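Participant: Once you've had a glance at the structure underneath, I'll fire off some questions.
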């Protein structure tokens, strides 16, 4: 990239899709976007590579009074990661951690119900799971997602993000089977710093992106059935 900033999440998704071309159209691959921002990135990848898109809801556990600083994260399915170095350096006690976790658990469940609208999560067993987000700052949310997903028996776990600090990028490379990151700037103050346009996404926008991705996937399957009317298995690939 000549200008080491992304225009927006859509461009970031397009550039990540170029790095994931070998996975395009495969029936054993599932894209898992971390909401909210990751859904905009994931929706673009799903469109380009013709892959199913699902959400994997994760909530950061922010330090009280410094909520942007993550002391950990929780994920769908009960996954939890605590950044013990942050907790120790700030003298945060277990009662505070549990209080923040309980509050974020309620929000996680609210979002999960809203985004899924009663639909079950896609099964990861035996599949290649590709986690995507719009960037990583501390890595807490992505770690929580990956550690939770491991219990669901995927064949492999990948993580793909547009930008991450070098130290976090190194940690992520050890955590997943394949790690893709486009930018690892030394000077890193936040994910939004590396986008020209970085609006906050609302729940309604996330739901709309997920609906569009599901509708596009359904249309593809219907078109394949028309092409192979006697071969339902081929049409569902």
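Numbering (full-length UniProt numbering), first residue to last: 1 to 237.
For every residue, glycine included, the Cβ atom is placed at its ideal position computed from N, Cα and C.
These numbers come from a predicted model, not from an experiment.
(1) Give me the Cβ distance between residue 209 and residue 39, rounded to the nearest whole Å; I'm assuming they're in contact under 8 Å.
(2) Compare the beta carbon distance of residue 46 and residue 213 with 8 Å and say whether it is the shorter of the two.
(3) By DSSP's criteria, residue 54 is part of a beta bridge. Which residues make up the other side?
(4) Check each candidate in 179, 96 and 87 and name the one with the smallest Cα separation from residue 128.
(5) Compute the distance between the beta-carbons of residue 145 and residue 54, then report whether it is under 8 Å.
(6) Inspect the CB distances between the region 147-157 and the region 195-207 and report whether three or more fall short of 8 Å.
(7) Which same chain residues end up closer than 8 Å to residue 61 when comparing Cβ atoms and leaving out the 5 residues on each side of it in sequence?
(8) Taking the DSSP output, what are the residues bridged to residue 128?
(9) Which residue spans inside the region 134-221 form an unbroken alpha helix (DSSP H) run of at least 4?
(10) In angstroms with no decimal places, state the Cα-to-Cα distance between residue 227 and residue 123.
(11) Residue range of the alpha helix (DSSP H) that residue 243 falls in?
(12) Would you kindly check if the distance between the Cβ of residue 14 and the Cβ of residue 196 is under 8 Å?
(13) According to DSSP, is residue 17 helix, strand or coil?
(14) Would you mind stating whether residue 134 and residue 142 have Cβ atoms separated by less than 8 Å?
(15) DSSP puts residue 226 in a beta bridge; with which residues?
(16) For residue 121, name the three-state secondary structure that DSSP assigns.
(17) Who are the near neighbours of residue 50 in its chain, counting only those whose CB is closer than 7 Å to its CB and skipping five residues on each side?
(18) Tell me, which residues are paired with residue 81 by DSSP?
(19) Is residue 227 near the ligand PLP, in the sense that its beta carbon is under 7 Å from a heavy atom of that ligand?
(20) Could you tell me the alpha carbon to alpha carbon distance between residue 33 and residue 56, rounded to whole angstroms?
Facilitator: This is what the structure holds:
(1) 5 Å
(2) yes
(3) 32
(4) 179
(5) no
(6) no
(7) 70, 71, 72, 73, 74, 82, 97, 100, 101, 104 and 140
(8) 29 and 156
(9) 140-150 and 166-175
(10) 27 Å
(11) The first residue shown for the chain is 1 and the last is 237, placing residue 243 beyond what the model contains.
(12) no
(13) helix
(14) no
(15) Its beta-bridge partners do not exist; DSSP assigns none.
(16) coil
(17) 24, 25 and 220
(18) 73
(19) Although the ligand PLP was asked about, the structure shown includes no ligands whatsoever.
(20) 6 Å
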